[in-house]
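In this note's numbering, the protein residues as written are 864 to 1121.
Using N, Cα and C, we set each Cβ at its ideal position, and we do this for glycine too.
Note that the coordinates shown come from a computational prediction; the quantities given were computed from them, not determined experimentally.
Structure first, commentary second.
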Amino acid sequence: MASDPASTAKPKYLQIADDLAAQIRSGVLAPGDAVPSEAELMERYGVASGTVRKAVAELRTTQLIETHHGRGSYVRSRPPVQRKSSDRFRRAHRLAGKAAYLAEAEQSGGVPSVNVLFVGPVDAPAEIAERLNVPAGAKVLARKRRYFRDGTPTEEATSYLPWDVVKDIPEMFAENPGGGGIYARLEERGHVLSEFTETVRARLATKAETGALALSPGAPVIHLVRNATTAAGIVVEVCDTVMAADQFVLDYRFAARD
């Protein structure tokens, strides 16, 4: 492995990670290529297995590779989706029959799809109940979906809606609520949306999220919780979303105010 004076001060595992990263960025290791095995890297760099594992873990942390249990590590090939909150909830999209995810995925050039995992009544979790201004444990409608882009899972989202708001909207209980999604159905019934408020944080994926979104162990996710509020000031939906962090760029636009 070639080295420079600056690299000699680095721990050996970081030198190996830097060398592999340079191969990835130069195209020597192309998107989708398998990373050399642990045994191959041990022989190439003359180090112990623990050093190789630390180097591979460093590449996972920087999102250059992904590891699949029993199959090895591969150079990442999934480009991020550009997510524009100022655009994806435009009423024009709903009037054109496009829900928010469909609109944003099409703009990114990908082929979107969705798998509906659950639709039905649940007891509102405490945080959701507080956002909906209903008692904890109150009956609400939950709609849980997993979204895909080009066949790859990118996010999992659960919408919670007040029972009194949706009980007389039969489309809300169908897997496919129709063109424009649930927001279009709400507005057709007079619940005109005026504001979306999002709370965003980054964290490590849970074991369940790692499996659901085909992530490497220890991969980061974006956890986003959104309130949809009507012109009357009523929160008619809380959407709890977990997104693969390497798949999204959060791009917000908002007006300057006095």
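Check, Outcome
"Does the stretch 1067 to 1079 touch the stretch 1034 to 1053, meaning 3 or more C-beta pairs lie closer than 8 Å?", "no"
"DSSP state of K873, grouped into three classes?", "coil"
"Hey, how far is the Cα of S866 from the Cα of G913?", "Note on S866: pLDDT 48, under 50, position unreliable in the model; the coordinate value appears next. Between S866 and G913, the C-alpha separation is close to 21 Å."
"Is there contact here, the stretch 1083 to 1097 with the stretch 1042 to 1060, by at least three beta-carbon pairs under 8 Å?", "yes"
"In this structure, does DSSP put A1108 in helix, strand or coil?", "helix"
"State the Cα-Cα distance for the pair A1020 and K1007, rounded to the nearest angstrom.", "6 Å"
"With the cut-off set at 8 Å, would you say A963 and F952 are in Cβ contact?", "yes"
"Suppose you measure from the CA of A869 to the CA of T925; what does that come to, to the nearest Å?", "Because A869 sits at a pLDDT of 48, beneath the cut-off of 50, its placement in the model cannot be relied upon, and the point is left open."
"Run the CB neighbour count on M864, radius 10 Å, all protein chains shown included, and call it buried at 16 or more, exposed below.", "The pLDDT assigned to M864 is 48, lower than 50, so where the model puts this residue is not dependable, and the model offers no usable value."
"So, at 8 Å on beta carbons, what are the nonlocal neighbours of P1016 in its own chain, with the 5 sequence-adjacent residues on each side left out?", "R1009, Y1010, A1075, L1076, A1077 and A1107"
"Report the residue ranges of all alpha helix (DSSP H) runs contained in full by the stretch 1038 to 1116; include only those spanning at least 4 residues, in chain order.", "1044 to 1051 and 1070 to 1075"
"Quick one: grab the DSSP three-state call for A865.", "Annotation note: pLDDT 49 at A865 (below 50); position unreliable, no value reported."
"I'd like the span of the alpha helix (DSSP H) that includes R1006, first residue to last.", "Element bounds for R1006: not the alpha helix (DSSP H) but the beta strand (DSSP E), K1002 to R1012."
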